[in-house]
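Here's the structure we're looking at; comments come further down.
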Amino acid sequence: MSQRAWVAAAIRKIEADFNRSADTHLIPVDLTGFPGIDVYLKDESSHPTGSLKHRLARSLFLYALANGWLREGCPVIEASSGSTAVSEAYFARLLGLPFIAVIPASTSPEKIAAIEFQGGRCHLVQRACDLNCESERLARETGGHFMDQFTYAERATDWRANNNIAESIFKQMAEEPHPVPEWIVCSPGTGGTAATLGRYVSYRRHDTLIMCADPEVSVFYDGYCAALAGADWRDLTCEGGSRVEGIGRPRVERSFIPTCVDAMVKVPDALSLAAMRHVSATLGRRVGGSTGTPSENADPYFYEEVFHPLLEKLSILDREYVMKDDVEGGLMRAIVQDVPTLDDALHVTEDLLLEETQTVATVEA
Ligand SMILES: Cc1ncc(COP(=O)(O)O)c(C=O)c1O
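Put into C-alpha cells, the structure is as follows:
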C-alpha cells in the first residue's frame, strides 16, 4: 500500500472510532454552603480507554498522520506519566502500529497494566528528566516516531472547535442557568488544555476566565510569574517530580502558553489530596489528585474549614496566587477538568505527610 493510501486508511479508522464514541460527562456539584454558586466537573475519564488523555491522543495521531510522520509498521514512542500512553497505545493498536511508552519507573503497576492491556510496551526510566532523551533514542534506533506530547499538545489540538474540550464544555453548558462560566479551572501537565481553553474563549469572545492550578513540585507557576513580569521563563526548571500524578512538571513545557491563562494558583499537595477526598465523598465517585488541585478553589466550606486551618498548621502565611489582569476573588464558579482514579492518586501521594492527611480526614468527618 502506498504511504498516501495508508495515511488515508489510518485517518478513516480514527474518524470511524470517533463516530462510534460519545462525549464525556459534565457533572454538576452541589455546594450546600454556597447557594447560587454553580460548579461542574468535566469527567474526562469516561472515554473508551478510561484515560483523560483520549482526546489529546486522537489529536496527536491525526496531527502526526497529516504531517506524514507515521508510517506503516513503524513504532510510535511517547514520553508520558502514564495516561497519554494508555490512550496512544489504543490508537496505535487501532492502526496496527507497535507502541512504546517511555514512563517513569515509579509509575503505578495499574497504569503499566492499562498501557499493556491496550497493546503497548513500557520502557521504564529512573529519572523523569530522562523521558525525552530516552524517547528520542528509541525513535532513532527503531526507525519510529517520537510523538512528544509536551511539545505538540497545544498545536495538535484544534483550538477553534472540532470537539475540543472547550467546545464540549460550552455545548454542555448551553441549557444551564449560567451558560457562560465565570471561570474554568484546569491543571497543567503539558499545558495543552489551558492553551485550548484560553484560545477558545478568546476566539468565541466569552467573558470566561481561565485559571490554572499548579501542584507543589512544579515549575509552571514560576514560569507564569516570570512571564507576567517580562522575565525569561521558557528555560526555568525545578528539582524533583510532582507528587500529583499527571500534573506539574520540572520544566516549563513547550505547550504551556502563559498568555492563554488569566490566573494561576499554586496548591499544596496536601490540599489537592484533601480536595480529592472531599470531591470523592460529595460526588460518590472516585476522583484523583489532579482533580483535587483545581477544585480546591471551588468549595467555600472546603476553603474555610480545611484550607485555612491547614495553611496555619503548615505555617504558610498566604496562598500564593497571581492573576493576569488583576481580577479579584470570585473563584466560585468553576469547572474542573478531569476525574482520574483515586487509586492512581493514592499511589503517588502516599508519601504525603500523614499528619496533614489525618487533619483533613478529621475535618471531613
Ligand atoms: C491526571 C491529569 N490531569 C491533568 C493533566 C493536564 O492536562 P494538560 O496536559 O492538557 O495540561 C494531565 C496530563 O498532562 C493528567 O494526566
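When you read off a place in the sequence shown, starting at 1, and then add 9, the result is the number in the working numbering. Cβ atoms here follow ideal geometry from the backbone N, Cα and C, with glycine treated the same way.
When secondary structure is reduced to three states using DSSP, Val210 falls in the helix class. Take the alpha-carbon of Glu125 and the one of Ala175: they are about 30 Å apart. In the DSSP assignment, Arg130 falls within the beta strand (DSSP E) that extends over 130 to 134. At a threshold of 7 Å, Gly200 counts as near ligand 1, since its beta carbon sits closer than that to one of the ligand's heavy atoms.
Relative to ligand 1, the nearest heavy atom lies less than 7 Å away from the CB of Leu61. Secondary structure of Pro259 (DSSP, three-state): coil.
Straight-line measurement puts the Cα of Thr160 at about 7 Å from the Cα of Glu262. Per DSSP, Lys22 is not a residue of any beta strand (DSSP E); the alpha helix (DSSP H) it occupies stretches across 12 to 28. In this model, Ser251 and Ser11 are separated by some 44 Å (Cα to Cα).
Exposure of Gly249 is indicated by the presence of fewer than 16 other C-beta atoms within 10 angstroms of its C-beta. For Ala18, same chain residues with a beta-carbon under 8 Å away, outside a window of 5 residues either side, are Met10 in chain order. Shown here, Asp231 sits in a helix according to DSSP, grouped into three states. With a threshold of 7 Å, the Cβ atom of Pro186 does not count as near ligand 1, since no heavy atom of the ligand is closer than that. Taking C-beta separations shorter than 8 Å and ignoring five residues to either side along the sequence, the partners of Val189 in its chain run Phe179, Met182, His215, Asp216, Thr217, following chain order. Contact between His154 and Cys83 is confirmed by a C-beta separation of about 6 Å, below the 8 Å threshold. Ligand 1 approaches Ala162 closely enough that one of its heavy atoms is under 7 Å from the residue's Cβ. Distances from the CB of Glu254 to the heavy atoms of ligand 1 include at least one below 7 Å. Secondary structure at His63: helix, using DSSP grouped into helix, strand and coil. Within the same chain, and ignoring the five residues on either side of Ser68 in sequence, the residues whose Cβ sits closer than 6 Å to its Cβ are Ala165, Thr166. Taking the C-beta atoms as reference points, Val95 is found no nearer than 8 Å to Glu143.
Collapsing the DSSP output to three states places Cys142 in a helix. Ranking Cys247, Ile36, Arg21 by CA distance to the CA of Arg29 puts Arg21 first. The C-beta distance from Pro197 to Ile256 rounds to 6 Å, short enough to meet the 8 Å contact threshold.
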